[in-house]
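Q: According to the working numbering, numbering within the sequence shown proceeds without interruption in unit steps and concludes at 442. No residue lacks a Cβ here, since even glycine has one placed at the ideal position from N, Cα and C. Quantities reported herein were computed from a predicted structural model and do not represent experimental measurements. Mind having a look at this structure? Questions to follow.
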Amino acid sequence: MTALLDSFSQALNPLLQRGVRHGLARTQAMDAALQAGLPHARNEAWKYTPLRGLERRRFAAAEPGAFDAALLAGIPAPRLVFNNGRYDAAHSDLDGLAAGVSLQPLSQLLAGDDPRASNFLERKFERVEEVFARVNAALAEDGAVLRVQAGIDGGDVHLVFVGAPVDGDAAYHLRHLIELQEGARLTVVEHHLGAGPHSDLGNHFSHVHLSPQAELTHARVQDEADGATVIARTDAALSRESRYHRLDLELGAALSRHELNVALHGQGAQLRANGVLLATGKRHLDTRLGIDHVGRDSVCDLLWRGIAAGRSRAAFHGGILIREGADGTAAVLSNKNLLLSEQAEIDTQPVLEIHADEVQAAHGATVGQLDANALFYLRSRGVPAEAARALLTAAFGRETLSVFAGSTAYETLAARLDAALAKLESA
16 MTALLDSFSQ ALNPLLQRGV RHGLARTQAM DAALQAGLPH ARNEAWKYTP LRGLERRRFA
76 AAEPGAFDAA LLAGIPAPRL VFNNGRYDAA HSDLDGLAAG VSLQPLSQLL AGDDPRASNF
136 LERKFERVEE VFARVNAALA EDGAVLRVQA GIDGGDVHLV FVGAPVDGDA AYHLRHLIEL
196 QEGARLTVVE HHLGAGPHSD LGNHFSHVHL SPQAELTHAR VQDEADGATV IARTDAALSR
256 ESRYHRLDLE LGAALSRHEL NVALHGQGAQ LRANGVLLAT GKRHLDTRLG IDHVGRDSVC
316 DLLWRGIAAG RSRAAFHGGI LIREGADGTA AVLSNKNLLL SEQAEIDTQP VLEIHADEVQ
376 AAHGATVGQL DANALFYLRS RGVPAEAARA LLTAAFGRET LSVFAGSTAY ETLAARLDAA
436 LAKLESA
């Protein structure tokens, strides 16, 4: 057993002694994680995510810490704030939450009278490489639980996860649920923020369930402190004629891995997902998409951009599976990448698997440098070389924001991306 898993195992006993709900399921999940062990580089799903630097470290349970309130500037209510994995009532503000929308921390749900409300915590994970999902199933005590009633327009909701500076290695495990009933609409923005010295590990697992004709617009901004480790996974299930608009901005952390798994079960379900991997310094960013077309006439449109500078590394896997019977599917994946230094590295792996008839599917991936002709054009009009490179790089990354065009959160997201792009000069 590695020191990492041993420290996670020891963190379970205090939970069980406190009588935390779903104790049996938690014990089974931890046992499965310990039996499987950490995935190694020969496991295809973890080939590009280095874990050797983590396996010898021991992580204590994180406790809330002091942080600069300026981190929350510009994030309006309604918002739910978590500090090192714990619900932070002092900085949360539910003012303006629409009628028909339920937003509460998982910790309150677990302390309530209805055990059925948290049944999603008992989900089983069968694949051997799902070790962090199993650890999350065993240890998660908090997170955001967001439900919208049928036909309700829930407006905008912000979820804020702050990594406050702590001494030593500390870990937290958060479990989230976003559930929209038939015909409901909602916009959710996740802000993952941190500043100052960090050596924490955040393990996030999100469930998204969209009922027929529901529409969710969902952004996740990962802008953690330089020393942080982020392991995140989102599993979404789409019903008939539901629509899921998604944006992932990977801007920070020392090591970040995100899995986005979307199953389009219902006929006519639609997914439009964009993302940016902005790797600087010695940062390692890894994104894996697993898009599963099950129902007929479903649509996915995926656009990801990677930018790597300094000695960083970015990895992207875009997997699309069109199952037998999913006739009429339309699927498109575009992954283009910019290398801004000779020491940076980008790995991209688009995978398309088709078992149905009458489908339209295409994917493409490139790794290159800034367009020399475009640079020459800008220079010929008096734009200095450095400014010309910055303009083209910003335009390359900003292309992904189109999925949020028209949203009230667009300017917030654009500002986050622009601020991160502006740091490229010093990366």
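(1) Any chance the region 215-233 sits against the region 243-253, with 3 or more Cβ pairs inside 8 Å?
(2) Please state the DSSP three-state secondary structure of T42.
(3) Out of A77, F82, E144, which has the shortest C-alpha to C-alpha gap to G52?
(4) Determine the closest residue to A437 out of T295, L154, N289, P29, with distance taken between C-alpha atoms.
(5) Drop a sphere of 10 angstroms on the beta-carbon of V366, count the other beta-carbons inside from all chains shown, and report buried for 16 or more, exposed for fewer.
(6) For V374, does the three-state DSSP call read helix, strand or coil?
(7) How would you call A152, buried or exposed, if buried means at least 16 neighbouring beta carbons within 10 angstroms?
(8) Measure the C-alpha to C-alpha separation of R404 and D386 and round it to an integer number of angstroms.
(9) On the DSSP bridge assignment, give the partners of N466 in chain order.
(10) Helix or strand or just coil, what does DSSP make of P399?
(11) Can you name, in chain order, every residue of its own chain whose Cβ lies under 6 Å from the Cβ of E205, other than the five neighbours on each side?
(12) Relative to the C-alpha of E414, which candidate in A60, A159, L318 has its C-alpha closest?
(13) Between the region 321-332 and the region 281-294, are three or more C-beta pairs nearer than 8 Å?
(14) Going by the CB atoms, is the gap between L266 and D238 shorter than 8 Å?
(15) Which of helix, strand or coil does DSSP assign to R71?
(16) Following a CB-centred definition, is P79 positioned closer than 7 Å to any heavy atom of the ligand FAD?
(17) Would a C-beta distance cut-off of 8 Å place S221 and H191 closer than the cut-off?
(18) Using 10 angstroms around the beta-carbon of Y102, count the other beta-carbons present and answer buried if the total reaches 16, otherwise exposed.
(19) Let me check understanding here. Comparing Cα to Cα, which of F135, Q43, F147, A113 lies closest to V163?
(20) Roughly how many angstroms separate the alpha carbons of H308 and Q196, rounded to a whole number?
(21) Beta-carbon separation of A186 and A76 under 8 Å?
(22) Using CA atoms only, rank isn't needed, just tell me which of L428, G281, L31, T17 is closest to R261.
(23) With three or more C-beta pairs closer than 8 Å as the rule, is the region 165-173 touching the region 120-136?
(24) Give the range of the alpha helix (DSSP H) segment to which D362 is assigned.
(25) Give the straight-line distance between the Cα atoms of L416 and G379, rounded to the nearest whole angstrom.
(26) Please report the residue range of the alpha helix (DSSP H) in which R431 lies.
(27) Compare the beta carbon distance of L19 and L69 with 8 Å and say whether it is the shorter of the two.
(28) Would a C-beta distance cut-off of 8 Å place S24 and M45 closer than the cut-off?
(29) Going by CA-CA distance only, name the one from S395, G283, T249 that's closest to L275.
(30) Considering only the alpha carbon of each residue, which of A330, L348, G343, G217 lies closest to A60?
(31) Kindly indicate which residue of Q358, G178, C315, A284 has the alpha-carbon position closest to the one of H299.
(32) By DSSP, does L66 sit in helix, in strand, or in coil?
(33) If we cut at 8 Å on Cβ distances, does L69 have a partner in chain B?
(34) What does the alpha-carbon distance come out to for the pair Q384 and N352?
(35) Just to confirm the assignment: which complete beta strand (DSSP E) runs, minimum length 3, are found wholly within the region 135-202?
(36) Write down the C-beta distance between I246 and R272 rounded to the nearest angstrom, noting that I regard them as a contact closer than 8 Å.
A: Inspection of the coordinates gives the following:
(1) Touching, yes.
(2) helix
(3) For G52, the closest alpha carbon among the candidates A77, F82, E144 is that of E144.
(4) When only C-alpha atoms are compared, the closest one is T295.
(5) exposed
(6) Taken through DSSP and simplified to helix, strand or coil, V374 comes out as coil.
(7) buried
(8) 9 Å
(9) A question about residue 466 goes unanswered here, because the residues of the chain that appear run from 16 up to 442.
(10) coil
(11) L174, R235
(12) L318
(13) yes
(14) yes
(15) coil
(16) Of ligands this structure carries none, so the ligand FAD is not represented either.
(17) Cβ distance < 8 Å, so S221 and H191 count as in contact.
(18) Burial call: buried.
(19) A113
(20) In a straight line, the C-alpha of H308 is about 21 Å away from that of Q196.
(21) yes
(22) The shortest CA-to-CA distance from R261 to any of L428, G281, L31, T17 is the one to L428.
(23) no
(24) Looking at the DSSP string, D362 is not in any alpha helix (DSSP H); the run it does join, the beta strand (DSSP E), is 360-369.
(25) If I take the Cα positions, the gap works out to 19 Å.
(26) 425-437
(27) yes
(28) yes
(29) T249
(30) A330
(31) Q358
(32) coil
(33) Chain labels in this structure do not include chain B; a single protein chain is all it has.
(34) 8 Å
(35) 159-163, 168-178, 185-195
(36) 6 Å
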